[in-house]
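Read through the structure below, which is laid out as structure tokens, and then see the notes.
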Amino acid sequence: MHDHIDLEHTPTAMVYDIFAETANELIGRYTALSDAAAQQSDRERWWQRALEVRDVRRSVPAHDRGALLEHITRWKADIRALTVPE
């Protein structure tokens, strides 16, 4: 799956929406992994990752286009890495 999107001409407000939705998707993946983990240490590790993404989502200013794009790129790569091929 190819997640690259050209956001060069996308208004920053829309970039922020993509940032927030990408964060939510990654948080959902981490939460599912936490819920499904057999060992407490794995549950905690995935849950901490979800919290880290949540904290970043809350801390990046909506007008900081560079930071938004950086996190979108990183998070989409993380989502791809967590996706099991069918």
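For what it's worth, our numbering labels the leading residue of the sequence shown as 8, then goes sequentially.
C-beta: ideal position from N, C-alpha, C; glycine also.
Should residue i be labelled buried (16 or more other beta-carbon atoms within 10 Å of its own) or exposed?
i: R87; result: exposed
i: V91; result: exposed
i: A57; result: buried
i: H70; result: exposed
i: H78; result: buried
Is the CB-CB distance between residue i and residue j below 9 Å?
i: A30; j: R64; result: yes
i: W82; j: V67; result: no
Please look up how many angstroms separate the CB atoms of residue i and residue j, rounded, as I've assumed it's under 8 Å.
i: L75; j: Y23; result: 6 Å
i: A44; j: R36; result: Not a contact, Cβ separation roughly 13 Å.
Excluding the five sequence neighbours on either side, which residues of its own chain have a C-beta within less than 7 Å of the C-beta of residue i, listed in chain order?
i: L33; result: V60, W82, D85, I86
Give me, in chain order, the residues of the same chain whose beta-carbon lies closer than 6 Å to that of residue i; leave out the 5 immediate sequence neighbours on both sides.
i: A27; result: none
Legend entry - 4-residue-minimum alpha helix (DSSP H) runs that sit fully inside the segment 42 to 84, ordered along the chain: Whole alpha helix (DSSP H) segments, 4+ residues: 47 to 66.
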